[in-house]
Structure formats: C-alpha cells, structure tokens
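*Asks:* First to last, the protein sequences are chains A and B.
The opening residue of the first sequence carries number 6 in the numbering used here; numbering runs sequentially from there.
The opening residue of the second sequence carries number 72 in the numbering used here; numbering runs sequentially from there.
No residue lacks a Cβ here, since even glycine has one placed at the ideal position from N, Cα and C.
Got a structure for you, written out below as structure tokens; questions coming shortly.
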Amino acid sequence: MSAVCVVRRPLIAAELSDVEQRYKAHLEQLFLETSVLSDHEIQVMEETVKLKKRQRMGYDDDEDGALVLAADKEDMAADKLQEFQPAARLTEADMTTNRSSQLRKLDVPLFLLVKQKLGNKAVWMMPQGSRQEGETLRQTAERILMTCCGTHLRTTFYGNAPCGFYKYKYPRTVRSENNVGAKVFFFKAELSGGEVECNSDDVQEFAWVTPEEMKEYLPQKYLDSVLPLAVSI
Amino acid sequence: MTSVLRFLSSQSTAVLSQLCPQGARSLFTFSRTSPLVNTLVPIRASHLRKRKRVDPKIEQAREARLKKRIKRLLKKDKEMVAVEDFFVMPSLLEQVRERPPVSVSFEEQERRAAIEKEWSRFRRQQYLAEEAAMSAMVTSQQRALQELRAESEELFQQAVQVDPLLIQYQRLGPTETPPISAYDPPDGKYVDLTPME
Chain A
6 MSAVCVVRRP
16 LIAAELSDVE
26 QRYKAHLEQL
36 FLETSVLSDH
46 EIQVMEETVK
56 LKKRQRMGYD
66 DDEDGALVLA
76 ADKEDMAADK
86 LQEFQPAARL
96 TEADMTTNRS
106 SQLRKLDVPL
116 FLLVKQKLGN
126 KAVWMMPQGS
136 RQEGETLRQT
146 AERILMTCCG
156 THLRTTFYGN
166 APCGFYKYKY
176 PRTVRSENNV
186 GAKVFFFKAE
196 LSGGEVECNS
206 DDVQEFAWVT
216 PEEMKEYLPQ
226 KYLDSVLPLA
236 VSI
Chain B
72 MTSVLRFLSS
82 QSTAVLSQLC
92 PQGARSLFTF
102 SRTSPLVNTL
112 VPIRASHLRK
122 RKRVDPKIEQ
132 AREARLKKRI
142 KRLLKKDKEM
152 VAVEDFFVMP
162 SLLEQVRERP
172 PVSVSFEEQE
182 RRAAIEKEWS
192 RFRRQQYLAE
202 EAAMSAMVTS
212 QQRALQELRA
222 ESEELFQQAV
232 QVDPLLIQYQ
242 RLGPTETPPI
252 SAYDPPDGKY
262 VDLTPME
C-alpha cells in the first residue's frame with residue numbers, strides 16, 4: 006500500500022518571537038552606531054543649518070520651491086507606501102477556522118488528511134490505497150492522490166523513495182490466510198497549486214491541518230509513524 | 072610506389088635505431104593502413120630535422136632574456152592582490168561622513184551583553200530542535216526502506232532510483248504578506264522611445 010503526505014508550504018514568513026524582535030532591534034542599533042552617515046542624513050543636516058540661517062536673515066521659506074528638500078522626500082516616500090494595500094496576513098479561513106481551506110494559517114506548513122473508507126468504517130488518515138500489478142510504489146501514490154483528491158491538485162513528489170512506514174492488522178473477520186494485514190509506505194509531496202475535490206465514494210471529507218491538530222484526527226500508533234514526516238520546519 | 076615507401080621507412084627505422092636505444096619500431100606505428108598505401112604516422116618521434124648552427128652568444132642572450140621574464144613573473148606572484156569585497160568608495164571615508172560618537176552607559180553595555188547571550192541560547196535550542204527533526208526524518212526513511220527491501224527487492228531497487236525531475240527544483244520562499252489575488256501591478260518608470268512623426 007502507498008500513502009501520500011501532501012504538505013502546503015507556508016506562504017508568509019512567521020511572526021518574530023519576543024527574543025527575535027529584541028535581538029533585531031539590538032542589531033539595528035549597533036549597525037546604526039558603527040556606520041557612516043548616509044547621503045540622506047547629510048542632506049538633512051545641511052538643510053537644517055541652511056534653514057536656520059535663512060530664518061535668522063529673514064528670508065522667505067517659499068524661495069526653495071524648486072529644490073526637493075530631504076523632509077519632502079521622506080513625506081513623498083511615506084505617501085507612496087500608504088497607497089499600496091497589502092493583503093492581510095490573517096485570512097478569511099483563519100477567522101472562520103475553516104479547516105478544509107488551504108489558505109488558513111499561512112505562516113505554518115499544513116498537511117492533508119482525508120476521511121477514507123477502510124472496510125466498513127470511514128477513518129481519518131492520509132490518502133492511501135493498494136498497489137496494482139506493474140506499478141512502482143510512487144506511481145501508486147500518484148494515482149491514489151488523483152483518485153482521492155481530483156485531477157486539479159498539482160503536486161511535486163519528493164523523490165522515488167518512501168519516507169515513512171506503518172503496518173496494521175486487519176480485523177479478524179477480514180483476515181485471510183495470506184492477508185493478515187497491510188504495510189503502508191508514505192511518500193511526501195509538496196503542493197504546487199490547485200484545490201482538492203473529493204468526488205469519489207471513498208473520500209467524504211478532507212482537512213488541511215497542522216501537526217498539533219493532527220492529534221485530534223489520528224490514532225496514536227498512526228501518528229507515531231506520521232509525525233516525523235509532518236515537521237514544522 | 073609502395074615499394075619506394077617501404078624502402079624509405081626501412082631507412083628511417085635504421086636511422087632511429089642508431090639515435091635511440093629503444094626499438095625504433097616502437098616509435099612508429101602503422102596507422103591508416105589501406106590496401107594501396109602503408110603510411111607511417113610518427114607518434115612519439117623526437118626531432119629529426121638538422122639544427123642550424125647558431126652563434127652561442129645569440130643563444131645565451133635569448134636564454135638570459137627568458138630568465139629575466141620568468142623572474143619578473145615570479146616577483147608578481149608574491150604581490151598581494153586587492154580583494155574586491157574590501158574596497159570602500161573613497162567618498163565614504165571623508166571626514167564629513169563620520170557619525171558623532173555615542174557614549175554607551177554601563178547599564179546599556181550590560182543589557183547588550185545579556186541580549187547577545189540570550190540570542191545565542193535561543194539559536195542553540197533552535198538548532199537542536201532542527202537536528203532532532205532531521206534525524207527523525209532520516210530514521211523514518213531508513214526504516215521504510217528496510218521494510219520495503221524485506222518486502223520486495225524489485226520495489227526497493229525502483230524506490231532507490233534517482234528522480235531526474237527533482238534535480239531542477241525551484242520554490243518561491245515565504246513573503247511578508249500573502250499574494251493579492253488578481254493583482255494589477257502599476258507601470259514602472261520607463262523612457263518612451265516611440266519615434267515622433
């Protein structure tokens with residue numbers, strides 16, 4: 006059997022922690038103190054001197070209309086920044102905690118879980134399916150992803166080798182002489198784009214979750230096999 | 072025709088056998104043999120042409136000139152080459168540019184030292200966490216491959232193949248804010264070069 010661990014990589018940089026923010030401020034202060042004056046700062050200094058002189062001499066300030074003062078430059082830059090409205094870091098999906106949206110929690114990697122039919126029961130797990138004749142395990146994994154999640158989902162598989170392993174025994178009613186249980190080999194894939202579509206009978210629901218949230222869906226033994234793959238770095 | 076060539080070749084081998092102690096034949100090999108002609112192609116032959124008698128003085132002068140040139144090159148080798156990165160623009164070294172010195176109080180210095188230490192500790196914890204995560208991933212993969220090998224050797228060999236599509240891998244990193252959907256970027260600064268008529 007093959008299973009696929011699909012990861013949606015973070016879209017935004019994580020917020021700096023307290024230590025990181027303080028260290029950043031510390032470094033900025035140090036760099037400022039050990040640096041040389043910039044062109045802009047020199048212009049500011051010269052202009053303050055000039056303006057004071059002019060005020061003392063009694064000149065009008067309006068005579069400098071042609072030149073662009075350093076202070077004006079700063080104002081223009083600030084205005085231009087105001088004009089641009091960036092997208093919000095907390096999306097709609099964050100507000101409504103819609104777990105089936107890819108665009109929730111953009112600063113952490115999210116992993117795909119599906120509610121698949123295993124025998125009679127529907128169980129939360131990573132998309133899984135059995136290998137057919139003449140297929141490599143990776144081809145199986147790709148096929149399963151297409152059948153479970155639709156053809157619109159675009160992924161990049163991380164190589165031909167499996168990265169995780171899980172084995173389980175079938176319930177006594179289903180066991181036969183040869184088939185006591187199943188061995189599942191996990192493959193890791195990265196989401197490049199597209200949305201998940203569950204249109205098959207097997208898959209009813211899906212969710213994009215963080216490793217902490219996975220504990221709510223997955224049993225402990227399965228989680229032990231999957232957590233090394235689902236790393237938040 | 073061929074008999075003439077064979078005669079010449081025998082002559083040259085005779086000459087060579089006198090000049091070099093190694094077998095003369097070893098210096099020549101018959102390559103490009105065709106039904107018509109056996110051509111000799113020298114592969115490791117030494118000088119066969121006669122040397123002109125040069126005045127020893129001119130020769131010595133030539134050698135002296137070459138030695139001088141070699142000496143000059145060796146001297147250049149010892150000079151230190153300016154490192155590109157260490158070059159600072161002269162305009163930045165002027166007096167005007169110097170920032171007025173800031174005096175840092177004792178408490179401030181202590182605070183700064185404390186921050187550096189805290190950062191060092193924080194980064195070490197981060198590194199250890201990353202190492203643990205990486206090694207867990209590697210162990211998990213090794214175990215998976217072991218189990219796969221136990222299951223089926225053929226599948227294992229297929230799994231261990233290098234994926235050529237993955238060698239050229241590219242990904243855009245995370246940004247400060249997420250991308251705006253259907254964003255229409257404004258025109259940048261440009262110089263209009265359309266000919267006016």
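Opposite A:Ala212 in the DSSP bridges: which residues?
*Replies:* As a first step, residue 212 of chain A is located in the first sequence; it is residue number 207 there, counting from the start. A:Ala212 pairs with A:Leu118.
*Asks:* Take A:Arg14 as the anchor and find which of A:Leu232, A:Val214, A:Glu221, A:Ser230 has the nearest alpha-carbon.
*Replies:* Looking up residue 14 of chain A in the first sequence gives position 9. With distances taken between Cα atoms, A:Arg14 lies closest to A:Val214.
*Asks:* Of all the residues that make up the region 129-147 of chain A, which are near chain B by a beta-carbon distance shorter than 8 Å?
*Replies:* Thr141, Leu142, Arg143
*Asks:* Is the separation between the beta-carbon of A:Leu16 and that of B:Pro171 shorter than 9 Å?
*Replies:* Translated into positions along the first sequence, residue 16 of chain A becomes position 11. Translated into positions along the second sequence, residue 171 of chain B becomes position 100. Their beta carbons are not under 9 Å apart, which means A:Leu16 does not touch B:Pro171 by this criterion.
*Asks:* A:Arg132: which of A:Asn183, A:Phe192, A:Arg94 sits nearest, CA to CA?
*Replies:* Locating residue 132 of chain A in the first sequence gives position 127, where the first residue counts as 1. First, the residue type needs correcting, since residue 132 of chain A is Pro and not Arg in the sequence shown. Nearest C-alpha to A:Pro132 among A:Asn183, A:Phe192, A:Arg94: A:Phe192.
*Asks:* Rank A:Pro216, A:Tyr222, A:Ser22, A:Gln225 by C-alpha distance to the C-alpha of A:Leu234 and give the top, closest one.
*Replies:* Counting from one through the first sequence, the residue named residue 234 of chain A turns up at place 229. Considering only alpha carbons, the answer is A:Pro216.
*Asks:* Taking 7 Å as the limit between beta carbons, can you name the residues of its chain near A:Tyr173, skipping five residues before and five after?
*Replies:* On the first sequence, position 168 is the one that residue 173 of chain A refers to. Excluding residues within five positions, the ones whose Cβ falls inside 7 Å are Gly186, Ala187.
*Asks:* What would DSSP say about A:Leu42, mapped onto helix, strand or coil?
*Replies:* Position 37 of the first sequence holds residue 42 of chain A. Residue state, collapsed to three classes: coil.
*Asks:* List, in order along the chain, the chain A residues whose C-beta lies closer than 8 Å to that of B:Ile186?
*Replies:* For the purposes of this step, residue 186 of chain B is identified with residue 115 of the second sequence, where counting begins at 1. Near B:Ile186 (Cβ distances below 8 Å), the residues of chain A are Arg27, Tyr28, His31.
*Asks:* Could you name the residues of chain A that B:Pro249 contacts, counting a contact when the two beta carbons are closer than 9 Å?
*Replies:* On the second sequence, residue 249 of chain B is found 178 positions in, with the first residue counted as 1. What B:Pro249 touches in chain A: Leu16, Ile17, Pro91, Ala92, Ala93, Arg94, Thr96, Leu108, Leu111.
*Asks:* Tell me which residue opens and which closes the beta strand (DSSP E) that A:Val128 is part of.
*Replies:* Position 123 of the first sequence, counting from 1, holds the residue named residue 128 of chain A. Here the beta strand (DSSP E) through A:Val128 covers 126-130.
*Asks:* Taking C-beta to C-beta, are A:Val11 and A:Leu150 nearer than 9 Å?
*Replies:* For the purposes of this step, residue 11 of chain A is taken as the residue at position 6 of the first sequence. For the purposes of this step, residue 150 of chain A is taken as the residue at position 145 of the first sequence. Result yes, Cβ atoms of A:Val11 and A:Leu150 sit closer than 9 Å.
*Asks:* Can you find at least 3 beta carbon pairs, one from the region 30-37 of chain A and one from the region 216-225 of chain A, that sit closer than 8 Å?
*Replies:* no
*Asks:* Buried or exposed, going by whether 16 or more other CB atoms sit within 10 Å of the CB of B:Ser206?
*Replies:* Counting from one through the second sequence, the residue named residue 206 of chain B turns up at place 135. By the 10 Å Cβ count, B:Ser206 comes out exposed.
*Asks:* Evaluate the contact criterion for the region 159-173 of chain A versus the region 202-218 of chain B: three or more CB pairs, one atom per stretch, below 8 Å.
*Replies:* yes
*Asks:* Using only alpha-carbon positions, find the residue among A:Trp129, A:Ser181, A:His157, A:Phe162 that is nearest to A:Thr145.
*Replies:* Position 140 of the first sequence holds residue 145 of chain A. Considering only alpha carbons, the answer is A:Phe162.
*Asks:* Any C-beta of chain B within less than 7 Å: which residues of the region 210-228 of chain A qualify?
*Replies:* none
*Asks:* Using the rule of at least 16 other Cβ atoms within 10 Å of the residue's Cβ for burial, across every protein chain shown, is B:Gly94 buried or exposed?
*Replies:* Looking up residue 94 of chain B in the second sequence gives position 23. With a pLDDT of only 45 at B:Gly94, under 50, the local geometry of the prediction cannot be trusted, and the value read off the model is given with reservation. Classification of B:Gly94: exposed, given that the 10 Å Cβ count is below 16.
*Asks:* Of all Cβ atoms in chain A, is any one closer than 9 Å to the Cβ of B:Tyr240?
*Replies:* Sequence index remark: in the second sequence, residue 240 of chain B carries index 169 (1-based). It does: the Cβ of B:Tyr240 has a partner Cβ on chain A nearer than 9 Å.
*Asks:* Terminal residues of the continuous alpha helix (DSSP H) containing A:Ser7?
*Replies:* Numbered from its first residue, the first sequence carries residue 7 of chain A at position 2. Looking at the DSSP string, A:Ser7 is not in any alpha helix (DSSP H); the run it does join, the beta strand (DSSP E), is 7-13.
*Asks:* Against chain B, does A:Val236 count as a neighbour if the rule is that its beta carbon must be under 9 Å from one of theirs?
*Replies:* The residue labelled residue 236 of chain A in the question sits at position 231 within the first sequence. By this cut-off, A:Val236 is an interface position.
*Asks:* Confirm, please, whether the CB-CB distance from A:Glu210 to A:Lys120 is below 9 Å.
*Replies:* Counted from its first residue, the first sequence places residue 120 of chain A at position 115. Counted from its first residue, the first sequence places residue 210 of chain A at position 205. Contact: yes.
*Asks:* Can you confirm whether B:Gln180, when its beta carbon is compared against all beta carbons of chain A, has any partner nearer than 9 Å?
*Replies:* In the second sequence, the residue the question calls residue 180 of chain B occupies position 109. It does not: the Cβ of B:Gln180 has no partner Cβ on chain A nearer than 9 Å.
*Asks:* Going by DSSP, what residues sit across from A:Gly169 in a beta bridge?
*Replies:* Position 164 of the first sequence holds residue 169 of chain A. Beta-bridge pairing links A:Gly169 to A:Phe191.
*Asks:* According to the neighbour-count rule (16 or more other Cβ atoms, all chains shown, within 10 Å of its Cβ), is B:Ser97 buried or exposed?
*Replies:* Taking the second sequence and counting its residues from 1, one reaches residue 97 of chain B at position 26. For B:Ser97, the predicted structure reports a pLDDT of 45, less than 50, and the residue's modelled location is therefore unreliable. A value from the coordinates is still provided. The residue in question, B:Ser97, is exposed, as its Cβ has fewer than 16 Cβ neighbours within 10 Å.
*Asks:* Let me check understanding here. Comparing Cα to Cα, which of A:Gln90, A:Leu158, A:Glu88, A:Arg104 lies closest to A:Val201?
*Replies:* Start at 1 with the first residue of the first sequence, and residue 201 of chain A comes out as number 196. Answer by Cα proximity: A:Leu158.
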